Structures are given as C-alpha cells and as structure tokens.
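Contents: one structure, followed by commentary.
Number of protein chains: 2
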Amino acid sequence: MKQAIRTNLTESAATSLRSEIAAGRWPVGERIPNEATLVEMLGVSRGTVREAVRALVSQGLLETRQGSGTYVLATADPAAALDRVRQTCLRDQWEARALLDVEAARLAALRHTPADIATLRRLLLERGTVADGGRQAFIRRDLAFHRAVVGASGNQAMVEIYDFFTAAITDVIGSTLQGDLPEPSDQAHAEIVEAVASGDPDRAAASVRAFMTPVLLQLDRLLSK
Amino acid sequence: MKQAIRTNLTESAATSLRSEIAAGRWPVGERIPNEATLVEMLGVSRGTVREAVRALVSQGLLETRQGSGTYVLATADPAAALDRVRQTCLRDQWEARALLDVEAARLAALRHTPADIATLRRLLLERGTVADGGRQAFIRRDLAFHRAVVGASGNQAMVEIYDFFTAAITDVIGSTLQGDLPEPSDQAHAEIVEAVASGDPDRAAASVRAFMTPVLLQLDRLLSK
DNA sequence: CTATTAAAAGTCATCAGATGATTTGATGAC
DNA sequence: GTCATCAAATCATCTGATGACTTTTAATAG
C-alpha cells in the first residue's frame, strides 16, 4: 500500500517540525534543538534540515538567530487561515465581499470626508461603459469605485480584507466567468454616492445591498449549473 | 553609516527572486533559471539559492519539480495581504469583526437550520458568567457563542475571516486589556438567538449591532488614552 | 515515414565535509 | 562587583559529489 503522498524529504521534515510545534512540545519562545540534533531526529542531512527550517521561518513559525539558536515564534501558521479562506467556494467569497461593501457604505455615510465624496464622484464619471477601453479596463475602473467606497469607511482593516477578497475573486472570475455577470447600472452607482454623501447609514447600506443582490443571484444560477 | 539592514544572504537572495517575479520578468507559469544560473545571478552558493527558493515555495510563489525545473505560481505573496491586515490598528480590526458579526446574524436569520438554533441555545446556557471557571474560560465560551452565530450564516468564507480576526484580536487583548471591556449581558445574547430564530434579518442585525456598539465605544475610550 | 524505444542531457534532491560569523556563558584580573 | 577576554555553541555559507526524476534527442523497428 504505497500512499500517494509523493513528497520530498524537505517537506516531510518541515511537517515533522510543524507537528512538534503544534503539539506544544516546543513552546513559543523556546529554543528548538540545534541542527545536528535535528539531523539525528529526522534522519536527514543538514542541508535538508536547514531547508525545512527555512520554510517554517518564511511562514513565521520559527526564527533563527545566528550564534544563538532557532526559536519558536508562533504555534499556528497565520497564513493557514488565509489559505482556508481561499479554499472556500467562490460564492461564499463573493457574498462575504458584498457584505463588507454594505457595511463599509454604512460607515462611509457616517465618516466620509468631502475629499472622499469628490473622489467617488470623479471615479463615477471615469467609470463610463464597457465600450471604453475594453472589458478588462472597465472592470478595473469599476473595482476602483467600489474600493473607494470601502476606503471612505475610514477602516483600514476592512480595506485590506476587501482587497484580499477582490484579488482572490478576480483570479477565478477572469478564468471561468467571461462577462456572464450583470453589470449594475451607472444609476445604481450614482445612488450609492448620493446615499453616502447624505450621511444616512441605512440608506447607504440599502443602496449597496440593492445592487449586490441581483449579481449574487446571477452568480448562484451560474454556479449551480 | 551602517544601516540596520542586517539581513542574511538567504533573505536578500529571496528578495531578489521575489522582485524578479513581482516585476513580471518571470511570468506566472514560466520556468525560472536553473540553480546554476541563479548561483551566478545572485552571487551566492547553491545551498543558499536553494534555501531562498524554498522560502518562496513555502509562501506559494514558486513550485519546484524535480527533473524539470522551478516554476512561478503567483506574482504576489498572498500572505502579504494578511500581514497588512494584522498591522492595521486594533480598533479597526475589532470594528471589522463586529460588522462581520452583524451581517452574519442577518444571514443566519434567513438560513439557519433547526440544529443551528439548538446549538445557539445550548451555548447560551453554557456561557454562564465570569465566575464559572475564570475569565479566560468565560471568554472562550463567549467566543464560541459568537462563532456559532457566524457559523449559522452558512457562509464558510465569513467563518474563516471571523476566525482570523478573532485570533488576531485575542492575541492583543490578552496582553494589553485585562477585563476593561464591558461584557454584554446574557439578556443581550438571548435576544440575538431569538432574533435569528425569528427569521427577521433586520432584527437579527440590529440585535448584534446594539450590543457591539457600547463595546466599540469603550474600546475607543481605552485606546485614546 | 511513423511509432516505439533507448539513450542522453538537463534539473532538482540529497548527502557530506569544512570554514566563517555571531552569540553566549565562563573565566579571571582588577 | 565589574569588566575584558576567551572558549564553546550555534547558525551561515561555501564546495563537491551522487542520486532521482523529467525532458529531449537519437536510434531502431515496422
């Protein structure tokens, strides 16, 4: 029974180290055994040990200090959470991003600066139609508008998460769905700007929600096929 | 003038490789120069090159295939987005997480299963008070309740992002704020369960928002000091 | 000429040994 | 007790060699 886990020694060594950390046998802040000891423990050469350690260092789990040793920085891989997000289905990612949009608009209505409104109005004008410069360019301009709405919320964490979702989604959209999603009208976008500018959080949230809903429904139809 | 850029050769080699990828000189899907060439390009030994490549592999930028070569998987470091989120201020992270909570409750009201409601009622009972088993344990039980609300939304992407924020926030909370935040009452939590169970999305969202607001205000006061 | 097979070249994977750079703790002088 | 010095421990880096795997090329049979 030869398992299909055809992996190299470096990877399995890194996995071993990771499990030691995860199991708490090497607590955070503690120094792990030196390279010579790891060579014995893992039964691989020093170069392989170093590559495995390097992998965990680049993931933020370990830290090497020349002359001193190698220390545990964290028990769990922070990037693992992000990987799990990326592995959730496109529909959930899209919905989560849409909800961020809604709440960001609500905050934007309360906190926007005059400069924010000016930026939104400018981006709305520049958005134009699909005919101007091709579909890809239009999507970029559309994204810039929505990102500006999130930016007007004044919450940097939301901006970063929104960017993350946008990047993850556009990767998939570009390769699978080709122009199958409805493009909300300029009028719907204009209403968002006015709602934010009015300072009414409920109106701002509703305006974004209203125009996200049909897109989400269409996405559901496409993905159910 | 010795700048504090005290880094090792492996790190700088990895940075060089990363910049080649980021600049598009090594497009996604393409094979990068072989190890011998990289040794010449970077002016370091083969072991160092391999460690640098290994670092980028573990970050998902490169992929090595024995006998074939090393290939570019992505242009941008996905983990970088996560780092940027972590570097945003605690207040913004808390707010973003709270807004996820609100929208998750709205979805939960629409999509919850009977099992979800049963779980929420059980966790509400188990939540108890701070007196039961100490503050840390109470926080864990409280988190479990809120996570269940998000889970009832049926959106896995939101669950993962929520977990990410929770992990990032509790790291800081545990070390800086010691019991300075108000603990919403059992009654407020019970109202969330009832609102979700009622199937009214606006009521569910409002119930979560109502009890997040005072916490956020208190956090603002604490952080402004 | 085509398809199959075999050889060869190219590339990463791994091992082994040696030397340098840095940190850390001990030793000893004052 | 404080400080300088030294030695041990540890990671960083280089060099050379061999193995494993993939891809390309060449040879061969049909």
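If you read the sequences in order, they're chains A and B.
Just so we're aligned, residue 12 is where the first sequence starts under my numbering, counting upward by one.
Just so we're aligned, residue 12 is where the second sequence starts under my numbering, counting upward by one.
Ideal placement from N, C-alpha and C gives every residue a C-beta, glycine not left out.
Only a predicted model underlies this, so the values are computations on that prediction, with no experimental measurement involved.
Taking 8 Å as the upper bound for CB-CB distance, N45/B and G80/B are in contact here, some 6 Å apart. The criterion of a C-beta distance shorter than 7 Å is satisfied by A168/B and T99/A. Taking 7 Å as the cut-off, the Cβ atoms of L118/B and S69/B do not count as close. With contacts defined as CB atoms closer than 7 Å, L134/A and F156/A qualify as a contacting pair. Selection V207/A, S218/A, L111/A evaluated against D174/A yields L111/A as nearest (Cα-Cα). Beta-bridge annotation (DSSP): E74/A is paired with Y82/A.
Rounded to the nearest angstrom, the gap between the Cα atoms of R102/A and E51/B is 46 Å. Listed along the chain, the chain A residues whose CB falls inside 8 Å of the CB of M223/B amount to none; the nearest CB is some 11 Å away. Using a Cβ-Cβ cut-off of 7 Å, A216/B does not count as an interface residue toward chain A, since no Cβ of chain A sits closer than that to its own.
A direct Cα-Cα distance of roughly 23 Å separates R42/B from A91/B. Contact annotation for D103/B against chain A: N166, Q167, A168, M169 [CB-CB distance below 8 Å, chain order]. In the three-state reduction of the DSSP assignment, R36/A falls in the coil class.
Distance from the CA of S209/B to the CA of D153/B, rounded to the nearest whole angstrom, comes to 22 Å. When C-beta distances to chain B are compared with 7 Å, every residue of the segment 148-162 of chain A stays at or above that value. The residues V161, G162, in chain order, have a CB closer than 7 Å to that of V170/B in the same chain once the five nearest residues on each side in sequence are set aside.
Between Q70/B and chain A, the shortest Cβ-Cβ separation is below 7 Å. Interface residue (Cβ-Cβ distance to chain B less than 7 Å): A92/A is classified as such.
In this structure, the beta-carbon distance from A63/B to T21/B falls below 7 Å. Its chain contains A179 as the residues whose beta carbon lies nearer than 7 Å to that of R97/B, once the 5 sequence neighbours on both sides are disregarded; these appear in chain order.
Around the beta carbon of Q104/A, a 10 Å sphere encloses 16 or more other beta carbons of the protein chains shown; the residue is thus reported as buried. For a Cβ distance threshold of 7 Å, residue set V96, A107, I172 of chain B lies close to I172/A, ordered along the chain. G58/B has a beta carbon lying within less than 7 Å of a beta carbon in chain A.
For A126/A, not one C-beta of chain B is nearer than 7 Å to its own C-beta.
In this structure, V226/B sits away from A116/B, with a CB-CB distance that is not shorter than 7 Å. Counting only residues of its own chain and dropping the five nearest sequence neighbours on each side, S23/A has no CB closer than 7 Å to any other CB. With a beta-carbon spacing of about 42 Å, I172/A and A47/B fall beyond the 8 Å limit used to define contacts. When the beta-carbon positions are compared, L131/B and V204/B come within less than 7 Å of each other.
Contact of R65/B with chain A is assigned, a C-beta pair being separated by under 7 Å. For R61/B, the chain A residues whose Cβ falls inside 7 Å of its Cβ are E62, in order along the chain.
Interface flag for T81/A against chain B is unset, since no Cβ pair is found closer than 7 Å. Look at the segment 111-124 of chain A: the residues with a C-beta under 9 Å from a C-beta of chain B are L111, V113, E114, A115, R117, L118.
Proximity to D127/A across T26/A, V207/A, F222/A peaks at V207/A, based on C-alpha coordinates. For T99/B, the nearest CB of chain A lies under 7 Å from its own CB, placing it at the interface with that chain. Relative to D211/A, the option among L121/A, E202/A, G58/A, G40/A whose CA is nearest is L121/A.
Within the same chain, and ignoring the five residues on either side of L93/A in sequence, the residues whose Cβ sits closer than 8 Å to its Cβ are F175.
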